[in-house]
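Numbering (full-length UniProt numbering), first residue to last: 1 to 312. Please read the structure below before turning to the comments.
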C-alpha cells in the first residue's frame with residue numbers, strides 16, 4: 001500500500017455545476033500544502049453528468065461511481081476503505097477551499113496526539129460566517145429551530161453556535177459541520193466510520209460524539225477558511241430534505257438521549273405546528289401552512305421512531 005499524508009474524500013450527487021470550483025480550489029491548495037495526497041470522489045448515482053465531468057476534466061481524481069444513492073455516510077465509508085492517507089479530509093462538493101486551509105487543518109490536527117478531528121471555519125457565498133463549530137444539540141436548539149426566532153439568535157451561543165474566536169487559534173468544539181473536517185486515520189480505525197443508518201444529516205454529529213466518547217479532542221481551526229455554498233445538492237428537494245433531517249435527528253436523539261427526550265421533541269413539534277397553522281390562518285400565508293404540515297410530519301417521525309414506538 002502506498003501511504004499518503006492526506007486522503008480527500010468527496011461524496012457527490014448531481015453537483016456538476018458546483019464540483020469544478022471545489023476540485024480546482026482543492027488542487028491548488030493541496031499543491032501549496034506540500035502534502036503527499038490523493039483525491040477520491042465517490043458518486044452516489046448522479047444523473048446530471050457529474051461522473052462524466054470528473055472523468056473528463058480531473059484525471060488526478062480517483063473516481064468511484066456507485067450507480068445508486070447509497071447515502072452520505074455509506075459513500076464516505078467506501079471512500080475511507082479506498083484511501084491510504086494518514087489523515088482523511090471529508091469535503092463537500094459544494095465548497096471552495098481558500099488558500100492555506102489545508103495547511104491550517106493539518107497543523108491543528110497534528111499539534112497534539114489527543115486531537116482526533118479538526119473542522120474548518122465555513123463561510124457563506126458572500127463571505128460572511130456560516131459555521132465555526134457547534135455544541136451537541138439539545139432541547140434549546142430544537143426549540144429555537146421549531147419556533148420563529150430573531151435572526152441574531154440563530155448564530156448565537158444560545159443556539160449552540162461558536163464564533164470564530166481570534167481567527168487564528170484553534171479551539172475545542174463538540175462538532176463541526178460535516179462540509180469540511182480532517183480526521184486521523186487512527187480515529188477511524190478505532191472508532192469506526194460514519195453510521196450508515198443515517199442516510200443524510202446528523203451523521204457527523206453522531207460520529208463526533210463517538211470520537212469524543214473515545215477520548216479524542218475535536219477542534220475548529222478558524223484560519224482554515226472554506227466557502228460552503230450550503231445545500232447545493234439538496235436544494236431541489238427541500239421538503240424531502242426537511243423530513244430526512246428529522247429522521248436523522250430522531251435516530252441521533254434516540255441513541256444519545258433516549259425515549260423520553262424524543263417524545264418531548266414530538267410534543268414540541270406538534271406545538272410548533274399548531275402555532276404555524278394559527279399564524280397561517282391569521283395571515284393567509286401559504287408558506288406557514290406548508291411549515292405546519294411539515295412540522296406535523298416531523299412530530300410523527302419522532303413519535304414512531306424505534307425507541308418511542310411501542311409497536312416496534
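Beta carbons are placed, not taken as given, at the ideal position from N, Cα and C, and that holds for glycine.
### Message
Using only CA atoms, which one of 21, 216 and 206 lies nearest to residue 114?
### Response
216
### Query
What is the DSSP secondary structure of residue 151, reduced to helix, strand or coil?
It is helical.
### Task
Pull up the CB-CB distance for residue 291 and residue 270, whole angstroms please, since I reckon it's below 8 Å.
For a cut-off of 8 Å, the C-beta gap from residue 291 to residue 270 is around 13 Å, too long to register as a contact.
### Query
With residue 133 and residue 119 assumed to form a contact (beta carbons below 8 Å), what rounded beta-carbon distance in angstroms separates them?
6 Å
### Query
Under the DSSP definition of a beta bridge, which residues are partnered with residue 252?
Residue 252 pairs with nothing; no bridge assigned.
#### Entry: As assigned by DSSP and simplified to three states, the class of residue 183
Residue 183: strand per DSSP, three-state reduction.
### Rounded separation between residue 203 and residue 77 - CA only
12 Å
### Query
Could you give the C-beta distance for residue 73 and residue 51, rounded to a whole number, given that I count them as a contact under 8 Å?
The C-beta separation of residue 73 from residue 51 comes to about 20 Å, leaving the pair out of contact by the 8 Å criterion.
### Task
Check whether the stretch 161-175 touches the stretch 189-200, counting contact only when three or more Cβ pairs, one atom from each stretch, lie closer than 8 Å.
no
### Message
If contacts are defined as beta-carbon pairs under 8 Å, then residue 26 and residue 123 qualify, I think. What distance do you get, rounded to the angstrom?
### Response
Actually they are not in contact, since the Cβ atoms of residue 26 and residue 123 sit about 16 Å apart, beyond 8 Å.
#### Entry: residue 285 versus residue 275: straight-line alpha-carbon distance, rounded
13 Å
### Message
Please return the same chain residues whose Cβ sits closer than 6 Å to the Cβ of residue 236, not counting the five positions on each side in sequence.
### Response
Note that residue 236 scores 44 on pLDDT, short of 50, meaning its location in the model is unreliable; the coordinates nonetheless yield the value given after this. Nothing meets the Cβ criterion.
### Query
Is the stretch 87-104 touching the stretch 19-39 in the sense that three or more CB pairs, one from each, lie closer than 8 Å?
yes
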